[in-house]
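Okay, so here's the structure we're looking at.
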Amino acid sequence: MTLDSDAMQLARAYARAHSLRLGQAVSLLVRRGAGAGSGVRARKAGTLVVFDLPSGAKRVGVEDVQHALESE
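Encoded structure:
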């Protein structure tokens, strides 16, 4: 596996900080980035990526997005 130099530096720092081997650190960081263990699953629906949220998660609607854009 070849990583960009900045990604390698981050992985090495994470490994040192958590007393892990480099491979373990990379595995954990990849899983975290993919959302493993977060309760959020992603799946393909045609050309779109759809996120299945855990029950009870707050839904974000059009009004929420409009409000966020207006408050920037």
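Quick note on numbering: the working numbering labels position 42 of the sequence shown as 45, and the sequence is numbered without any gaps.
Where a beta carbon is used, it is the ideal one built from N, C-alpha and C, also for glycine.
CA nearest to the CA of residue i, picked from the options
i: Thr5; options: Ala20, Val43, Tyr17 and Gly26; result: Gly26
i: Pro2; options: Asp67, Ser74 and Arg44; result: The shown model of the chain, from 4 to 75, leaves out residue 2, and the question about it has no answer.
Proximal residues to residue i (C-beta, below 8 Å), its chain only, five neighbours per side dropped
i: Arg15; result: Leu25 and Ala28
Nonlocal neighbours in the same chain, by C-beta distance under 6 Å from residue i, ignoring five residues either side
i: Arg46; result: Val53
i: Ala18; result: Leu25 and Ala28
Three-state class that DSSP yields for residue i in the structure shown
i: Asp67; result: helix
i: Ser53; result: The question names Ser, yet the displayed sequence has Val at residue 53. Strand, per DSSP.
i: Ala48; result: strand
i: Met11; result: helix
i: Lys43; result: Looking at the sequence shown, residue 43 is not Lys but Val. In the structure shown, Val43 sits in coil (DSSP, three-state: anything other than H, G, I, E or B).
i: Leu6; result: coil
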